[in-house]
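Before any comments, here is the structure.
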Amino acid sequence: MAVKLDEKLEPIYQEVLLRNPGETEFHQAVHEVLETLGPVLVKYPEFADKKVIQRICEPERQIIFRVPWQDDKGEIHINRAFRVEFNSALGPYKGGMRFHPSVYLGIVKFLGFEQIFKNALTGMPIGGGKGGSDFDPKGRSESEIMRFCQSLMTELYRHLGEYTDVPAGDIGVSGREIGFMFGQYKRITNRYESGVLTGKGLGWGGSLVRTEATGYGTVFFVHEMLKARGDSLDGKTMVVSGSGNVAIYAMEKAAEYGAKVIACSDSGGVVIDEQGIDIELVKRLKEVERCRISAYVDARPKARYIKQGNIWSIPCHVALPCATQNELNGKDAKTLVENGCIAVAEGANMPTTPEGIQIFQAAGIAYGPGKAANAGGVGTSALEMQQNASRDSWSFEHTEQRLEQIMISIHRNCYETAEEFGAPGNYVMGANITGFIRVARAMDALGLI
Ligand code: NDP
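Right, dumping it as structure tokens:
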């Protein structure tokens, strides 16, 4: 980690390293925020005196539990699940659940930490939390996934509630899994508590636009970044990593803005379609048939599939990393910049390594970090909670307009804060400082918590 921390912040970081050994992703996420907070402590020394940063770095509560379940053949499996309730100064803990074999405490804590600032940026009354399990849904039948979700919720339910902790989806968790978890929560508690989970199906308390929200929001954000530079997405070529929930709807909205998406991927490889990715086809392959992206070329013979290819080596104007953490390193960033990339917005959480971020910033390209660029997902989850609380459901148009307003306001706040703190165009500083100040003020007002 090349960027040196302010002398007041370095000891705080050292303490985080000591207290959380081996949690490298969490260390990375904390370092990235601390790098930008030096000027905040100069302006607001009371936050240092009251040890607000030290308190923010320590989760309010961490839950780790066993999830036993039986596969279709009757064999017993034991997974481990987590819920990190990081900070509730602004509202109930809010953040998704991730099902992926790589999940361990360090991943959940990095995601939960990011979530605190992201949620603050939305301006909505939501605190930060995150959860997940090392369960691998790939290749599992629907009934296996249901049994796993039910077993997980049999423990998790006691920690949740619409005023306490409200999970949603993330990698490996979409409407289907939310349905299984909600069903079990309802069964155990005997309460139809719609506001306890977001990302629900439209027929049972979900919100229109929630499925699309993270991807759409990321494109609204990159549109705003380009607009601030007198440019637009129209006619730009774009590559989008991943082909899951975030990637699909980022591609859809980008095409509406006149961009041409020429590549997407999954963990197996990259698809390149110079004529423009056929988004309806990707939706069918990934959302309905749940198969690998390699199947794309069977339906589009002019497209190419590169097994284990590197999507960042494809020349483009705009790159949207929408798969996973640390998927874009310093070398990739250099290649993108050399190939003429002018904007990067993160649909995924922390997809760019610290070296990659430095290269983007040194090159002066528009770089939107995940906690700002992908906040539309959780922002729309908060809109889902509003609809649940008022037993109402809004139209697609109205909800999308609200999402767009949230993203415009996040962009404006990040932009103005970066200018105020002497770093114009630096959205990392803008996002971290805006989010931090909102949480810090609330923590201060609530006494020593
Ligand atoms: P999905 O599970 O729907 O899709 C994830 C995509 O990323 C898949 O194409 C997957 O490929 C790929 N991927 C996952 N892990 C890896 C890996 N290690 N290497 C390469 N590719 C990988 O998840 P989402 O689209 O919901 O989430 C994507 C990112 O967006 C995550 O970082 C998530 O935290 C973030 N995010 C999601 C939000 C949401 O509302 N869903 C909100 C805000 C952020 P494969 O299928 O082969 O594994």
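Residue numbering for the sequence shown is 894 to 1342, as defined by the working numbering.
Ideal Cβ placement from N, Cα and C applies to all residues, glycine included.
Please read these numbers as outputs of a predicted model, since none were measured by experiment.
Give the straight-line distance between the Cα atoms of residue i and residue j, rounded to the nearest whole angstrom.
i: A1148; j: V1154; result: 7 Å
i: E1258; j: A1236; result: The sequence given here has Ile at residue 1258, not Glu. Each residue's alpha carbon lies about 6 Å from the other.
i: M1336; j: I1330; result: 10 Å
i: D964; j: S1067; result: 20 Å
i: Q1168; j: E1145; result: 15 Å
i: E1293; j: I1303; result: 15 Å
i: L1221; j: N1203; result: 10 Å
i: V996; j: G1263; result: 19 Å
i: S1158; j: G1240; result: 14 Å
i: Y1050; j: T1057; result: 11 Å
i: E1180; j: G1032; result: 15 Å
i: T1047; j: G999; result: 24 Å
i: N1325; j: T1217; result: 20 Å
i: C950; j: L927; result: 10 Å
i: V1164; j: A1196; result: 7 Å
i: S835; j: Y937; result: There is no way to answer for residue 835, as the model of the chain reaches only from 894 to 1342.
i: D1029; j: N1083; result: 29 Å
Do residue j and residue i come within 8 Å of each other at the CB atom, strictly closer than that value?
i: G1162; j: K1200; result: yes
i: Y977; j: V960; result: In the sequence under discussion, the amino acid at residue 977 is Val, which differs from the Tyr named in the question. No.
i: A1256; j: V1230; result: yes
i: A1143; j: L1213; result: yes
i: A1238; j: G1261; result: yes
i: G1096; j: M1278; result: no
i: L1126; j: G1151; result: yes
i: G1005; j: G1022; result: yes
Indicate the three-state DSSP secondary structure (helix, strand or coil) for residue i in the structure shown.
i: E1182; result: coil
i: V1154; result: strand
i: M1046; result: helix
i: G1270; result: helix
i: N1325; result: helix
i: E951; result: coil
i: E916; result: coil
i: S1134; result: coil
i: A1216; result: coil
i: R976; result: strand
i: S1302; result: helix
Going by beta carbon distance, what residues of the same chain come within less than 6 Å of residue i, once the five residues before and after it are set aside?
i: G1099; result: K1093
i: I957; result: F975
i: T1245; result: L1221
i: E1086; result: E1055
Could you please give me the residues that DSSP links to residue i through a beta bridge?
i: D1058; result: Y986 and G1054
i: A1241; result: According to DSSP, which records beta bridges pairwise, A1241 is partnered with nothing at all.
i: P961; result: I971
i: M1118; result: In the DSSP output, where bridge partners are listed per residue, M1118 has none listed.
i: A1259; result: A1236
Quick one: residues in its chain with C-beta nearer than 8 Å to the C-beta of residue i, no 5 flanking neighbours on either side, listed in chain order?
i: A1061; result: K987, G988, G989, M990, I1071, L1090, T1091, G1092, G1270, V1271 and S1274
i: F940; result: V933, L934, I946, A1333 and D1337
I'd like the list of long-range same chain contacts for residue i, defined as Cβ closer than 7 Å, with 5 residues on each side in sequence excluded.
i: K1227; result: I1252
i: L1276; result: S1100, T1292 and R1295
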